[in-house]
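Here the structure is laid out as structure tokens; the discussion comes afterwards.
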């Protein structure tokens, strides 16, 4: 067949351009909205991009690794508290060792604490599979949730209002455009990291373990180790997303890591189409924009939202990218 | 005085354990026989509490309300099974989790629309509201004893149904080999609906027993469902015996941890440090225990033998 008219290739190329268009829109539209006097929407888009980053990180293990982690909001929370706690001590004294406004310190704490938490909980939960894995990841994230609820020093249930942002040389995160730019560039870098990983030997082993763990093991691949490393990378990236989220909100509360937040992250991945590089971005965009739309109609927006989620599971398998994929596989059959 | 306080805390722990068992029993049934993960189980618990609260206001009697609320919660469960859950049995666990997550959003919001955002307290009748002096100096609320008694009765009833009735035989058979049971001419769809309704009734029972103590509130199910998962994971998924033992264990450890951990910590560190650390650690205690047990036995204490 002439490669120029091969429909599979055409659609493959089309999906590339769709992804590129999405990223281009995210690069242009929010700043334009801000400059034309819609700062509220820049805020929404910053949140969108940060959650897209977190969902991309989750996609590494959920989509490519086939590991249904229901606890990724915990990393968002840990990352946000990595901004909140040092800032709190810098403002009000105490715990000299970490009291600082320094953004590099905040990032370092956010990423390393998240990676450590992922390592400890992953080492235990990855010994199990299926439903057990879902429930255990959920339980561990709830553990962190309750720990921060119980920490009265840092506001407990009510959360921690800091009103200052991480400080970096030359730039100021207090400028909403700067914060958006940083978040967007971080998203691009995360995409690059996940793309590199999935194309590497490591990523192929991870995907192999998703499709058939026994076969991988008989090939001499230690699936557990690969999955644990992927779990840690995913957690660390999510922790970084939490650092950004903490700087966006400057109000950090345990509510950020409630297990329903983890469910929302999972929905972003699935809605956009798991194991597609840009799927989680589509998912996060669909999720956030739908939320904004429904909020406009009713305060009980969770009801139509929940119904839509159920319907999407029942009738919209594979998510937005899955539709492209379905067309793609039809194309290859013809 | 110390001993009597300990006794009361033990009773509280037992009561929490019993409630957790009622919840995990329903989940174990639906998981064991239908291989279905239901995140929205906690919402049925909430519905049980709210329905009972409304009926108590309507009829003026908690007992009548409770007796009516049970079948009504089961009916809600049946309805949910028919509309949503039935379409999902053939899907994988991820789809179960996502769809029932959507269901939680719907049910919580519906409850908020019907009953309002504030919680509803339930007034107990005189007879149940009193205190009982079991030993000299040990005074216990009668209702707490009743909760424990009803929970134990329900557990015994469940044991009899599962192990000594035809329905129980079908449930056990379905749990070990679904395809075979349906080939033998059992209407598996009706069986599934029945079992789901039974699980809903058990969750509703837990909810309406808790409502007079705490109160019926939006999101009450979302808090307890994770603890219920911890119970199931520790007990061994799909195992009723495991769920029972793990539920009591978790109930006792959680309650005792919250009341005694700060005293224990004060022996080891300064008062200030203990008062900061103890609440956080005791909130994490059951999860840490889960981690410990899973590190040694990844399949839980009593893994179901059939799968």
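Chains as they are written, first to last, in the numbering used here: chain S, 871 to 1204; chain W, -2 to 304. Even glycine gets a Cβ: it sits at the ideal position worked out from N, Cα and C.
- Straight through space, the alpha carbons of residue 959 of chain S and residue 1088 of chain S are spaced by roughly 52 Å.
- At a cut-off of 8 Å between beta carbons, residue 99 of chain W contacts chain S.
- Taking a Cβ-Cβ threshold of 8 Å, the residues of chain S close to residue 109 of chain W are 1170, in chain order.
- For the pair of segments examined, the segment 992 to 1004 of chain S was found to touch the segment 931 to 938 of chain S: the number of CB pairs separated by less than 8 Å reaches three.
- For residue 1105 of chain S against residue 1008 of chain S, the beta-carbon gap comes to about 15 Å, at or over 8 Å, which does not count as contact.
- Taking 8 Å as the cut-off, the Cβ atoms of residue 952 of chain S and residue 919 of chain S do not count as close.
- Around the CB of residue 130 of chain W, fewer than 16 other CB atoms lie within 10 Å, so the residue is classed as exposed.
- Annotation: Cβ neighbours of residue 1175 of chain S in chain W (cutoff 7 Å, chain order): 102.
- Under DSSP, residue 137 of chain W forms a beta bridge with W:129.
- Within the DSSP bridge table, the entry for residue 970 of chain S names no partner.
- Listed in chain order, the alpha helix (DSSP H) elements of length 4 or more contained wholly in the segment 879 to 955 of chain S are 909 to 929.
- A distance below 7 Å between beta-carbons, with the five flanking residues on each side excluded, links residue 914 of chain S to the following residues of its chain, in chain order: 1158, 1162.
- Taken through DSSP and simplified to helix, strand or coil, residue 1040 of chain S comes out as coil.
- Taking a Cβ-Cβ threshold of 7 Å, the residues of chain W close to residue 1002 of chain S are 230, 234, in chain order.
- From the beta-carbon of residue 1012 of chain S, the residues of chain W found nearer than 8 Å are 223, 284.
- Contacts between residue 1138 of chain S and chain W, judged by CB atoms closer than 9 Å, are missing: the closest CB pair is about 11 Å apart.
- Secondary structure at residue 1031 of chain S: strand, using DSSP grouped into helix, strand and coil.
- In the DSSP assignment, residue 9 of chain W falls within the alpha helix (DSSP H) that extends over -1 to 31.
- When Cβ pairs closer than 8 Å are counted between the two stretches, the segment 193 to 210 of chain W is seen to touch the segment 19 to 28 of chain W, the count reaching three or more.
- For residue 1146 of chain S, the three-state secondary structure derived from DSSP is coil.
- Not a single CB atom of chain W sits nearer than 8 Å to the CB of residue 943 of chain S.
- Taken atom to atom, the span from the alpha-carbon of residue 146 of chain W to that of residue 3 of chain W is near 20 Å.
- Within the segment 286 to 301 of chain W, the residues whose Cβ lies closer than 7 Å to some Cβ of chain S are 287, 288, 291, 292, 295, listed in chain order.
- Spanning the alpha carbons of residue 1064 of chain S and residue 1142 of chain S requires a straight line of approximately 16 Å.
- When the beta-carbon positions are compared, residue 106 of chain W and residue 35 of chain W stay at least 8 Å from each other.
- Where residue 1094 of chain S is concerned, the enclosing alpha helix (DSSP H) starts and stops at 1093 to 1119.
- DSSP, reduced to helix, strand and coil, places residue 215 of chain W outside both helices and strands of the structure shown, so it counts as coil.
- Taking all protein chains in view, the Cβ of residue 112 of chain W is crowded by 16 or more other Cβ atoms within 10 Å, so the residue is classified as buried.
- Secondary structure at residue 234 of chain W: coil, using DSSP grouped into helix, strand and coil.
- Exposure of residue 1081 of chain S is indicated by the presence of fewer than 16 other C-beta atoms within 10 angstroms of its C-beta.
- Considering only W:9, W:47, W:22, the residue with the shortest C-alpha distance to residue 204 of chain W is W:47.
- Under the three-pair Cβ rule at 8 Å, the segment 44 to 64 of chain W does not count as touching the segment 76 to 83 of chain W.
- Listed along chain W, the residues sitting closer than 8 Å to residue 1129 of chain S by beta-carbon distance are 219, 223.
- For residue 998 of chain S, a Cβ of chain W is located within less than 8 Å of the residue's own Cβ.
- In this structure, the CA atom of residue 1022 of chain S is about 34 Å from the CA atom of residue 1100 of chain S.
- Apart from the 5 residues on each side of it in sequence, residue 889 of chain S sits with its Cβ closer than 6 Å to the Cβ of 1148 in its chain, given in chain order.
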